[in-house]
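Trainee: My questions will all concern the structure given below.
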Amino acid sequence: MPTITLRGNPVEVAGQLPAVGASAPALTLTGADLSEVTLASFAGKKILNIFPSVDTPTCALSVRKFNEQAAGRDGVTVLCISADLPFAQKRFCGAEGIDGVVNLSTFRHPEFRKDWGVEFASGPLVGLCARAVVVLGEDDRVLYSQLVGEVGDEPDYAAALAVL
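With UniProt numbering applied, the sequence shown corresponds to residues 1 to 164, in that order.
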């Protein structure tokens, strides 16, 4: 079980983030219109920006940065995944003028956290996703994978974008 930190305090994460070269695990998440979506719902390359909640500064910043740096690339879809309700995700993006990402919620699909290796298994954020980025190729094979070591730190945007 990987250990990361939250404000310097160790917390465990259940499962393992998919490794580079592996096929992406299946997923079902809830879209903005409350529909169920899967990886097959999105063609091309995908950046999965996974985080605890858009209501925290670093999470909000990651949505903004991926919207600015990746959302306009041909054949790339940025999926921002958190436990936030679709209504909160939509409200945040509307207030921020963010229109290039797709928000998806784990609220009806807690299995995503464990299947993708981002489930907080200890600490105050149990029930939420740890911060991670996974980039998938058109065939849904993992091109890049990062579990961020400190929850308050930003992901390595440059490394994630370099594999596109």
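Even glycine gets a Cβ: it sits at the ideal position worked out from N, Cα and C.
For clarity, every value in this text was computed on a predicted model and none was experimentally measured.
If we count Cβ pairs, one from each stretch, closer than 8 Å, do we get three or more for the segment 112-124 versus the segment 31-47?
Mentor: no
Trainee: My understanding is that Val133 touches Asn49, with C-beta atoms under 8 Å, so please give their C-beta distance in whole angstroms.
Mentor: So it is a contact: roughly 6 Å between Cβ atoms.
Trainee: With distances taken between CB atoms, is the gap from Ala83 to Ser35 smaller than 8 Å?
Mentor: no
Trainee: Are the C-beta of Ala130 and some C-beta of chain C separated by less than 8 Å?
Mentor: In the structure shown, chain C cannot be found, because there is only a single protein chain.
Trainee: To test your reading of the DSSP string, which unbroken beta strand (DSSP E) runs of 3 or more residues are found completely within the segment 24-104?
Mentor: 28-30, 36-38, 45-50 and 76-82
Trainee: Going by the DSSP bridge assignment, what does Phe120 pair with across the sheet?
Mentor: Phe120 pairs with Val13.
Trainee: When you compare the CB positions of Val151 and Ala130, do they come within less than 8 Å of one another, or not?
Mentor: yes
Trainee: Mind checking whether Pro2 and Leu147 have CB atoms under 8 Å apart?
Mentor: yes
Trainee: Can you tell me where the beta strand (DSSP E) with Leu143 in it begins and where it stops?
Mentor: Val142 to Leu147
Trainee: How many Å lie between Asp156 and Leu125 at the Cα?
Mentor: 22 Å
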